[in-house]
Amino acid sequence: MLVYAGVCSHAPGITGRADQADPEVRDAFYAAFHQMRDDIVASGAEAIIVIAAEHFANFFMNNMPSFAIGMADFYDGPIEDPAWLGIDTFRAPGNRDLSHRLITEVMQTVDVSYAEEWKFDHGIAVPLHFLTPDFDLPVIPVNINCQGPPLAPLQRSWAFGEALRRACDSVPEKMALVGTGGISHWPATPDSGKINEEWDLDFLDRWCRNDKDALLAYDDLTVYADAGQGGFEIRTFLAVSAAAAGANGTVHFTAPIPIFAVSCTIASYDLETSSLKD
Amino acid sequence: MSLYYVQKFLFELNRDPAMQERYAHDRHASLESFDLTTEEVSALTEPDIGLLFHLGVNGQILMHFAALHQIEWADYLQQMRDGIAQHGPVREGVYATTGYEGTDAHAKALGQNTTSERK
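So the protein sequences, as listed, match chains A and B. Each residue of the first sequence is one higher than the last, beginning at 1 in the numbering used here. Each residue of the second sequence is one higher than the last, beginning at 1 in the numbering used here.
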């Protein structure tokens, strides 16, 4: 069953360029990340699904899945240079049997690839660095292609989120679901550091209201113009919205941190307000 | 022009320590199995970060190549800006979707201050 649903940022600068950020804003962001960890622990979660927008660490344009779920008993990372990312090499626990059951249920409505081998890049490594620093919670990695167009339409990410919710509710284990990604940003380009804060706040308002129509009203060309190619990663946030099934959301922290290249954000849904609450 | 194979080479280089060793030992030899133009081989062996960005390499792939060459973050960003200034707008790939003519053009499109105005 689903016991926690939230979203967070994952930019590599969060750990790799920590010393270059305004300490006051950075530390407030880190504190919100730590609170997210405490909230996940308090939920009793027995495994954590991380919906990432991985960056050509495992999947490439020779065979690019729109949606993928890991199915292994462990995952190694980070694929980046540890010194560059500021995260030491690690082996995160998985749960192949749990993945198998989740994937089987998701496949009832969404065609998803599975991967018995998956190297974590910053998209998952940075969230885990804060959320399960001791690697004591099994991780189920999930990916939505947000990097190599053509990308699955937003409504398919929504359907994928609904399928993940159904899958979580089909297993006895208590599941935490965390989406990671943008919002507006132009990562790793000459525009890195540019942030469209107004766009971000409007998006987060739609996300908190869990307004399906408003969230699906975006199109990639407009998102690209207003929020950069990093904005394509809203797919991970939308999947969590769909999984939360109408629940109300709260932004616990959001602030532009240009050296991290994004409005660093922590938010979660109150699953007590979900239409699928028991 | 074979952006796909330029990115394929970088994708494999970024995730394979053995390939990184081959590249360090003999850059040209490590590229032999990829269908690349002379310009692309030059960009990958120099390396020329600005030219690679101009050719359309995704920054999520390119930034790791820059890190492999110990290029600091600020220098990496500047080399891409210089590449656009020297070679022109991004030719292909995701950044060329709406035309990419540089940071100031993007800022103006958003109604934001340009890089020079922010300084």
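Ideal Cβ placement from N, Cα and C applies to all residues, glycine included.
- Among the bridge pairs identified by DSSP, A/L177 is matched with A/A5, A/I49.
- For B/M19, the closest Cβ of chain A is not nearer than 9 Å.
- Within the stretch 60-94 of chain B, not a single complete beta strand (DSSP E) segment reaches 3 residues in length.
- Taking a 10 Å sphere around the C-beta of A/S275, we find fewer than 16 other C-beta atoms and assign the residue as exposed.
- For A/A217, the number of other beta carbons within 10 angstroms of its own is below 16, and it is reported as exposed.
- Put simply, the backbone Cα of A/P23 is about 16 Å away from that of A/H34.
- With at least 16 other beta carbons inside 10 angstroms of its own, A/K194 counts as buried.
- DSSP places A/H252 inside the beta strand (DSSP E), whose first and last residues are 248-257.
- For A/S241, the uninterrupted alpha helix (DSSP H) run begins and ends at 234-244, by DSSP.
- A distance below 9 Å separates the beta carbons of A/A11 and A/H185.
- Using a CB distance cut-off of 9 Å, B/K8 counts as an interface residue toward chain A.
- For B/Y23, the nearest beta carbon of chain A is not closer than 9 Å to its own beta carbon.
- Minimum Cα-Cα distance from B/F11 among the listed residues B/Y95, B/S30, B/F65 corresponds to B/F65.
- Rounded to the nearest whole angstrom, the CA to CA distance from B/Q20 to B/Y5 is 17 Å.
- Scanning A/Q229, A/L221, A/G161 for the CA closest to the CA of A/T236 turns up A/G161.
- Around B/F11, the beta-carbon contacts reaching into chain A at under 7 Å are F56, F60.
- A straight-line Cα-Cα distance of about 13 Å links A/E46 and A/R37.
- Around A/M64, the same chain offers N145, G148 as residues with beta carbons nearer than 6 Å, after the five sequence neighbours per side are excluded.
- For the options B/L77, B/P17, B/L31, the alpha carbon positioned closest to that of B/G59 is the one of B/L77.
- Distance from the Cα of A/F67 is smallest, within the candidate group A/T222, A/V126, A/R209, A/V112, for A/V112.
- Three or more beta-carbon pairs separated by less than 8 Å link the stretch 224-244 of chain A to the stretch 152-159 of chain A, which places the two stretches in contact.
- Between the C-alpha atoms of A/D39 and A/D191 there is a straight-line separation of about 34 Å.
- Taking 7 Å as the Cβ-Cβ cut-off, the stretch 246-259 of chain A has no residue approaching chain B.
- Proximity of chain A to B/A67 at the Cβ level (cut-off 8 Å) is accounted for by E80, D81, W84, in chain order.
- No residue range can be given for B/D26, since it is assigned to no beta strand (DSSP E) and is classified by DSSP as neither H nor E.
- Contact between A/F203 and A/A32 is ruled out by a C-beta separation of about 18 Å, above the 8 Å threshold.
- Secondary structure of A/D136 (DSSP, three-state): coil.
- Per DSSP, A/A261 lies in no beta strand (DSSP E) segment and is marked neither H nor E.
- A residue is called buried once 16 or more other Cβ atoms fall within 10 Å of its Cβ, and B/K8 is buried on that count.
- For A/Y75, the enclosing beta strand (DSSP E) starts and ends at 74-77.
- Residues of the stretch 47-63 of chain B that bring their beta carbon within less than 8 Å of a beta carbon in chain A comprise F53, N58, G59, Q60, I61, L62, M63, in sequence order.
- Close CB contacts of A/G179 within its chain, under the 7 Å cut and outside five residues either way in sequence, are with V7, I51, T236, F237, A239, V240 (chain order).
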